[in-house]
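Data block below; observations after.
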Amino acid sequence: MEDNRLDIQFNFFNLRDRRPSSVLLVDYFENSSPYFGERFPKDDPFYELIEPAFATGDFSGKWKQGTIIYTYGKLPETRIMLLGLGNKEEISPFKIKIAFGYALKYLALHNVKEVTAFIDKKCCPGEFCSISEFLAEAAYLSQYKHPSYKKNKPEHFPPIEQINLILPEGIDAESISELSKGVQEGKMTGSVVNEVRTLVDMPSNFMTPTALANHARKLARENASVTCQVLEKDELISMGMGGIINVGKGSHEPPCLIQCSYTPEDNKVNRTIAIVGKGVTFDSGGICIKPDKGMDRMKDDMAGAAIALGIIKLAAMLKLPIKLVGLMPCCENMLGGNAMKPGDIITAYDGTSVEIINTDAEGRLALMDALGYAVKQKVDAIIDLATLTGACTIALGRFVIGGMTNHQPIMDLLRESGDTIYERVWQFPLMEEYKLPLKSIFADLKNHGGREGGAIVAGAFLSHFVGKTPWVHLDIAGVTWFDSETSLYPDGASGIGVRLVIDFLKRLCSKDYPEVWGKQATSIDGPTFKENEVSMEHPSSAFRRNVILG
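In this text, residue positions in the sequence shown follow the working numbering: the first is 734, and each later residue adds one.
Below, the structure written as structure tokens:
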């Protein structure tokens, strides 16, 4: 597999002192004047070169419209690319990022190595730090290439190597420092998201539980503030982690639980968040085998674990002032003579007995042990990320993450982050009625409650194992993998989730959000219903009572 890591260099220049490059990228709103923004002196040859494109209608600034104009030696750049931003009233930082990523992807395909672009607040609303950060993120996200195992090196053009940003006139030193900080954070974020994409894109015969554990160990070796402990199969058995063990019983690949933790260097933090990521490195469905169509994609069932590792790594790189405990239950869900079967009863780490109804509802079994283990470590809150249910994809499609919580202030803050960075979260209800389908006459719970409300019932199952600990569940099944390429997302693993949680953690560390911790978590078993409103009794119990008592 070739090394796809990027190292895009960013430089800042004044307009007059800019260095020569291949392309000058200039963005315009729809139907704006060629002189919009007054970026050049009015007698600059730039306007002479672009005016015909405006006059003929070849370029009008429509959304993601691109027009290439040769400069014939009149500018330090060989070509100009006019980039349309669409309606000014509809612009947002995310749309700027999409447009910038689209332009860079197009230019890379045409073998462009160095690009010069303007950075100002006329087209990019927001603080300088955030503007430069999302431009750097766009550069990295747009240049991602899949891991390749081909005999001959794939025929694709190399990525952009250099981006020169032209500073606004009269910018002060503090703003330049903000820009530089934003670029560095954007580069770090983009590189980590791309690393997560690579882990998820890798085939499952390469990306095994052991391979993922080795990746976590490598992460700890390279970061002084990160530690890694891998609980192997025998230790999991002795600890009573029946979920992880039984899911992995049908595979020759041994299961494990990865604990990868980040502690700030000064260690003066009083909050600890657990990041729990589902790590099923291949999901055949087990005895309840999946259809063959799309099964090749089931290598992405470890995306939650990859994202959790990415969050730990990026938090360490950004030196966030909060302690994180990453827990990744890793296993393969395979068929075999020793595989878990429908009707089996297994015991979770916290002692809960679970009747197996469907072996393809395995992710929640691995997660129940990790969640119980997180609670025992007395963390302040838990966020789990999992490609948990196809039902979530059916409900929300491929554009929104499904979320559930027992602690509304944390969910509100997470959704605020999602709306800001455009990794949006739609909250599902979490009511005690959704536990009814999980009642079992043989065990404490069933692992599957049927088709109705499948994503919500799965979340209700997980809620049993967090108790009163503040918790958010993120079902990322719909957003983990895209079948077609866009400006920022490749066809394949998206890496969605890393930026969401990191932005949330930044907000959580801010003094602006003290109220997040001011409310206790509410149990799913909270409200008591009157008998004439709704019966919380299992239907089979009522049937037996009526038969016996007449």
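From the three backbone atoms N, C-alpha and C, an ideal C-beta is built for every residue, glycine too.
Item to check | Contacting residues, own chain, Cβ-Cβ under 7 Å from V1280 (five flanking each side not counted) | outcome: One-based indexing of the sequence shown puts residue 1280 at position 547. Unreliable placement is indicated for V1280, whose pLDDT of 34 sits below 50; the coordinate value is still reported in the next sentence. So no residue of the chain qualifies.
Checklist entry - Can the beta-carbon of K846 be found less than 9 Å from the beta-carbon of L816? => result One-based indexing of the sequence shown puts residue 846 at position 113. One-based indexing of the sequence shown puts residue 816 at position 83. At a Cβ-Cβ threshold of 9 Å, K846 and L816 do not count as neighbours.
Checklist entry - What number of angstroms, rounded off, separates the C-alpha of D1152 from the C-alpha of V1158? => result Counted from its first residue, the sequence shown places residue 1152 at position 419. Counted from its first residue, the sequence shown places residue 1158 at position 425. Taking the straight line joining both Cα atoms gives about 8 Å.
Item to check | the stretch 1177-1196 / the stretch 895-904 touching (three or more Cβ pairs under 8 Å) | outcome: Inter-segment contact for the stretch 1177-1196 and the stretch 895-904 is absent: fewer than three beta-carbon pairs are separated by less than 8 Å.
Checklist entry - What is the rounded straight-line gap between the Cα of V756 and the Cα of A836? => result Counted from its first residue, the sequence shown places residue 756 at position 23. Counted from its first residue, the sequence shown places residue 836 at position 103. Their backbone Cα atoms lie some 11 Å apart in a straight line.
Item to check | F773 to F779 span [Cα, whole Å] | outcome: Position 40 of the sequence shown, counting from 1, holds the residue named residue 773. Position 46 of the sequence shown, counting from 1, holds the residue named residue 779. Spanning the two alpha carbons is a distance of roughly 7 Å.
Checklist entry - Is the stretch 1099-1117 touching the stretch 1000-1013 in the sense that three or more CB pairs, one from each, lie closer than 8 Å? => result The stretch 1000-1013 makes contact with the stretch 1099-1117; the number of CB pairs closer than 8 Å reaches 3 or more.
Checklist entry - What residues in its chain sit with their C-beta under 7 Å from that of C1021, if we drop five residues either side in the sequence? => result Within the sequence shown, residue 1021 is the residue found at index 288, counting from 1. Here the set comprises P1075, N1091, T1092 and D1093.
Next on the checklist: Please give the ranges of any alpha helix (DSSP H) in the stretch 1082-1121, keeping only runs that are unbroken, at least 4 residues long and fully inside the region.
Outcome noted: Correct list: 1096-1109.
Checklist entry - Is the distance from the Cβ of T804 to the Cβ of F792 below 9 Å? => result One-based indexing of the sequence shown puts residue 804 at position 71. One-based indexing of the sequence shown puts residue 792 at position 59. Cβ atoms of T804 and F792: not closer than 9 Å.
Checklist entry - For V1141, which three-state DSSP category applies? => result As a working note, residue 1141 is residue 408 in the sequence shown. In the sequence as displayed, the identity of residue 1141 is Gln instead of Val. It is helical.
Checklist entry - What number of angstroms, rounded off, separates the C-alpha of V916 from the C-alpha of Q1160? => result Translated into positions along the sequence shown, residue 916 becomes position 183. Translated into positions along the sequence shown, residue 1160 becomes position 427. The C-alpha of V916 lies about 32 Å from the C-alpha of Q1160.
Checklist entry - Mapping DSSP to helix, strand and coil, what is S1243? => result Taking the sequence shown and counting its residues from 1, the one referred to as residue 1243 is at position 510. Three-state result, S1243: coil.
Next on the checklist: Since F1215 and L1147 should fall inside the 8 Å C-beta cutoff, what is the C-beta to C-beta distance between them, to a whole number of angstroms?
Outcome noted: On the sequence shown, residue 1215 is found 482 positions in, with the first residue counted as 1. On the sequence shown, residue 1147 is found 414 positions in, with the first residue counted as 1. About 22 Å; that fails the 8 Å criterion.
Checklist entry - Going by other Cβ atoms of all chains shown within 10 Å of its Cβ, with 16 needed for buried, is E1156 buried or exposed? => result Taking the first residue of the sequence shown as 1, we reach residue 1156 at position 423. Counting Cβ neighbours within 10 Å, E1156 comes out buried, since at least 16 surround it.
Checklist entry - Do E1095 and K1179 have their CB atoms nearer than 9 Å? => result As a first step, residue 1095 is located in the sequence shown; it is residue number 362 there, counting from the start. As a first step, residue 1179 is located in the sequence shown; it is residue number 446 there, counting from the start. Their beta carbons are not under 9 Å apart, which means E1095 does not touch K1179 by this criterion.
Next on the checklist: Measuring only the C-alpha atoms, how far is R751 from Y873?
Outcome noted: If you number the sequence shown from 1, residue 751 lands on position 18. If you number the sequence shown from 1, residue 873 lands on position 140. When rounded, the distance between both Cα atoms is 23 Å.
Item to check | CA-to-CA distance, R812 to C1007, given in whole angstroms | outcome: Counted from its first residue, the sequence shown places residue 1007 at position 274. Counted from its first residue, the sequence shown places residue 812 at position 79. First, the amino acid is wrong: residue 1007 is Ala here, not Cys. Distance between the alpha carbons of A1007 and R812: 50 Å.
Checklist entry - Taking DSSP as the reference, what is the three-state secondary structure of A1226? => result Locating residue 1226 in the sequence shown gives position 493, counting from the first residue. Here A1226 sits in strand by DSSP.
Next on the checklist: Short of 6 Å in beta carbon distance, which residues of its chain neighbour T1138, apart from the five on each side in sequence? Order them along the chain.
Outcome noted: Residue mapping note: residue 1138 aligns to position 405 of the sequence shown, counting from 1. These residues qualify, in order along the chain: M1144 and V1205.
Item to check | CB-CB length for T1122 against A1191, believed under 8 Å | outcome: Against the sequence shown, residue 1122 aligns to sequence position 389. Against the sequence shown, residue 1191 aligns to sequence position 458. Contact between T1122 and A1191 holds, since their C-beta atoms are separated by about 5 Å, short of 8 Å.
Next on the checklist: Does P1062 come out as helix, strand or coil in the three-state DSSP assignment?
Outcome noted: Position 329 of the sequence shown holds residue 1062. For P1062, the secondary structure class from DSSP, reduced to helix, strand or coil, is strand.
Item to check | Coil, strand or helix - S994 by DSSP | outcome: As a working note, residue 994 is residue 261 in the sequence shown. Three-state DSSP puts S994 in a strand.
Checklist entry - Secondary structure at G973, three-state DSSP: helix, strand or coil? => result Residue 973 sits at position 240 when you count from the first residue of the sequence shown. Under the three-state reduction of DSSP output, G973 falls in the coil class, being neither helix nor strand.
Next on the checklist: To the nearest angstrom, how far is the alpha carbon of C993 from that of K821?
Outcome noted: Residue 993 sits at position 260 when you count from the first residue of the sequence shown. Residue 821 sits at position 88 when you count from the first residue of the sequence shown. Cα-Cα distance, rounded: 44 Å.
Item to check | Assigned secondary structure, L748 (DSSP; H/G/I helix, E/B strand, else coil) | outcome: Position 15 of the sequence shown, counting from 1, holds the residue named residue 748. In the structure shown, the three-state DSSP call for L748 is coil.
Checklist entry - In its own chain, which residues sit with a C-beta less than 7 Å from the C-beta of F743, not counting the 5 before and 5 after it? => result Along the sequence shown, one-based indexing puts residue 743 at 10. Taken in chain order, the residues that qualify are A869, I896, L898 and V916.
Item to check | DSSP bridge partner residues for D760 (one or two, in chain order) | outcome: For the purposes of this step, residue 760 is taken as residue 27 along the sequence shown, with counting starting at 1. In DSSP, D760 forms a bridge with L816.
Item to check | alpha helix (DSSP H) segment containing F827, residue limits | outcome: Reading the sequence shown from its first residue, position 94 is the one you call residue 827. Here the alpha helix (DSSP H) through F827 covers P826 to L842.
Item to check | Per DSSP, the bridge partner or partners of K1056 | outcome: As a working mapping, residue 1056 is identified with position 323 in the sequence shown. K1056 pairs with T1005.
Checklist entry - Among residues of its own chain, excluding the 5 on either side of F1175, which ones have a beta-carbon nearer than 7 Å to its beta-carbon? => result The residue you call residue 1175 lines up with position 442 of the sequence shown. Within the same chain, F1175 has close Cβ partners I1078 and E1088.
Next on the checklist: Using a 10 Å radius around the Cβ and a threshold of 16 neighbouring Cβ atoms, would you call S865 buried or exposed?
Outcome noted: Position 132 of the sequence shown, counted from the first residue, corresponds to residue 865. With at least 16 other beta carbons inside 10 angstroms of its own, S865 counts as buried.
Checklist entry - Between G1019 and A953, is the Cβ-Cβ spacing less than 9 Å? => result To locate residue 1019, count along the sequence shown from 1; it is residue 286. To locate residue 953, count along the sequence shown from 1; it is residue 220. Against a cut-off of 9 Å, the Cβ pair of A953 and G1019 comes out as no contact.
Checklist entry - Can you tell me the Cα-Cα spacing of G1070 and E986, whole angstroms? => result Translated into positions along the sequence shown, residue 1070 becomes position 337. Translated into positions along the sequence shown, residue 986 becomes position 253. Distance from the CA atom of G1070 to the CA atom of E986, rounded to whole angstroms, is 14 Å.
Checklist entry - In whole angstroms, what separates the C-alpha of K795 from that of A1036? => result Indexing the sequence shown from 1 puts residue 795 at position 62. Indexing the sequence shown from 1 puts residue 1036 at position 303. In a straight line, the C-alpha of K795 is about 36 Å away from that of A1036.
Checklist entry - Quick one: does V963 have its CB under 9 Å from some CB of chain D? => result Annotation note: the requested chain D is absent from the structure, which comprises a single protein chain.
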